[in-house]
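Below is one structure, written out as structure tokens, with a few remarks after it.
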Amino acid sequence: MNKLMFKLCTVLLLHRGPLQELSLSLPILRSFPAQIDQILLFIQEKCSIKSLTITVESRYWRRIFPFRKNYKGYKLPKRLFSFSQLKVLRLCCCQFTSYPVSFECFSMLTVLELRNVIFEGCGKVWSFTCPLLSALTLVQCGRGGLFKLPRIVIEAPKLCRFHFHGTFSSLQLNNTPFLKTAILHKEFTFSLDRKIKDNPSDFLKFWGGLAAVESLSVSGYLYQYLRIGNSQAIDLSPLPMLRHMKLDRVCLNSKSIACSVLLMIKRSPNLQQIAISDGNNVSKHELSRLTRVEVKRLKGIKHETAFLEWLLSSSPALESMEIQLEEKLSAAEKVLILTELNGFQRASTRARIIVE
Numbered sequence: 001m002n003k004l005m006f007k008l009c010t011v012l013l014l015h016r017g018p019l020q021e022l023s024l025s026l027p028i029l030r031s032f033p034a035q036i037d038q039i040l041l042f043i044q045e046k047c048s049i050k051s052l053t054i055t056v057e058s059r060y061w062r063r064i065f066p067f068r069k070n071y072k073g074y075k076l077p078k079r080l081f082s083f084s085q086l087k088v089l090r091l092c093c094c095q096f097t098s099y100p101v102s103f104e105c106f107s108m109l110t111v112l113e114l115r116n117v118i119f120e121g122c123g124k125v126w127s128f129t130c131p132l133l134s135a136l137t138l139v140q141c142g143r144g145g146l147f148k149l150p151r152i153v154i155e156a157p158k159l160c161r162f163h164f165h166g167t168f169s170s171l172q173l174n175n176t177p178f179l180k181t182a183i184l185h186k187e188f189t190f191s192l193d194r195k196i197k198d199n200p201s202d203f204l205k206f207w208g209g210l211a212a213v214e215s216l217s218v219s220g221y222l223y224q225y226l227r228i229g230n231s232q233a234i235d236l237s238p239l240p241m242l243r244h245m246k247l248d249r250v251c252l253n254s255k256s257i258a259c260s261v262l263l264m265i266k267r268s269p270n271l272q273q274i275a276i277s278d279g280n281n282v283s284k285h286e287l288s289r290l291t292r293v294e295v296k297r298l299k300g301i302k303h304e305t306a307f308l309e310w311l312l313s314s315s316p317a318l319e320s321m322e323i324q325l326e327e328k329l330s331a332a333e334k335v336l337i338l339t340e341l342n343g344f345q346r347a348s349t350r351a352r353i354i355v356e
């Protein structure tokens, strides 16, 4: 590998033309940082690089949570921020260390992807202010400690796609009117989650930044922020543009999470497609004591009937399901809904569906 790095450095030094794209994929770092520093110095002098990818691969690191003390990665030199002409920047298993990190200098950046990147000693606030940024990915990034959670501020007027997987103390989406796709996975962070849950104003501001989203994928502990305790719901702003919703790892046998799911659906008036993945094998759990279900103003849309199908198949003691249909439905629509409901498998032989 040392010989390969030497040859790579030699080829780059002999290169006379412009260099627009460079992708480095390396195994566990030992003696390579010096060579990478030399390569970055070379492309800095070229002033022509448009796309840069640095990936430090290890089959072991893929299983290591990046906040552990034994986590190591390539320490990025400060000169990286002089690459103002970059349009694409992808970093995996790297570190920013002991200097303020701001992406404002990347005025041409359109794609930024950070995976398992540590911001060690770089402050509590991560600012992503990029006027041309259209795609942002932050996966398992941290501040070098389990309880050192970042405050993430994103101001990208042309942002179209946002993928986040990790932890945060607060997450702000400012000036993102064209954000169409959001993939959000929140990790559990002990007492801090309770603090945010008890004071959800930051989360409400973040949710307001999703107003233009058409496709939303949610998983992890993000559901917890949608409820205060088990009864009082927070006032979410509607998502009028949302068409597709994917809810992964949902524990429907939790009352608060089930209410959170219903709240998100209620705040999405133009929803066309919803996919729910059970995180705790809820379909295998029986509602052994449920005997009566009452549903009012049923419209017969897909996620409503899917929920009723699950209730019928999971309630061996169910005696009656009383349904009041929406008055504005036509006679033909009511017949179709009744036909669909009667076709659902029932765990209870005594279960009757009564439609008004």
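In this note's numbering, the protein residues as written are 1 to 356.
Just so it is clear, CB atoms sit at the ideal spot from N, CA and C, and this is done for glycine as well.
Query raised in the report: If we count the other Cβ atoms within 10 Å of its Cβ and call it buried at 16 or more, is Thr10 buried or exposed?
Result: Residue environment for Thr10: exposed (fewer than 16 other C-beta atoms within 10 angstroms of its C-beta).
Report task. Quick one: using the 10 Å Cβ neighbour count with 16 as the cut-off for buried, is Pro238 buried or exposed? Result -> Pro238 is exposed by the Cβ-count criterion.
**Report entry** Cutoff 8 Å; reference Pro157; Cβ partners in own chain excluding five residues on either side
**Finding:** Cβ within range, chain order: Pro131, Asn175, Thr176, Pro177, Phe178.
Query - Nearest residue (CA-CA) to Arg79, options Cys47, Val88, Thr55, Val56 - result: Cys47
Query - When Val111, Cys94, Gln85, Arg346 are compared against Pro77, the one with the closest alpha-carbon - result: It is Cys94 whose Cα lies nearest to the Cα of Pro77.
Query raised in the report: Is Lys7 buried or exposed, if buried means 16 or more other CB atoms sit within 10 Å of its CB?
Result: exposed
**Report entry** Backbone CA spacing between Arg90 and Arg115 [nearest angstrom]
**Finding:** 8 Å
Query - Trp310 versus Gln345 - alpha carbon distance - result: Straight-line measurement puts the Cα of Gln345 at about 9 Å from the Cα of Trp310.
Query raised in the report: Which residue spans inside the stretch 105-184 form an unbroken beta strand (DSSP E) run of at least 3?
Result: Fully enclosed beta strand (DSSP E) runs of 3 or longer: 111-115, 118-120, 125-129, 135-139, 151-155, 161-166, 170-174.
Report task. Compute the distance between the beta-carbons of Phe107 and Ser84, then report whether it is under 8 Å. Result -> Phe is not the amino acid found at residue 107; the sequence shown has Ser there. Yes, the Cβ-Cβ distance between Ser107 and Ser84 is below 8 Å.
**Report entry** Sequence-distant residues of its chain with Cβ nearer than 6 Å to Thr137 (five each side left out)
**Finding:** Glu113, His163
Query raised in the report: Expressed to the nearest angstrom, what Euclidean distance is found between the alpha-carbon atoms of Asp202 and Thr129?
Result: Their backbone Cα atoms lie some 19 Å apart in a straight line.
Report task. Using a threshold of 8 Å, state whether the C-beta atoms of Ala317 and Arg289 are closer than that. Result -> Judged by beta-carbon spacing, Arg289 lies within the 8 Å limit of Ala317, meaning their Cβ atoms are closer than that value.
Report task. Could you pull out every residue in the same chain whose Cβ sits closer than 6 Å to the Cβ of Val355, ignoring the five residues on either side in sequence? Result -> Ile323, Leu338
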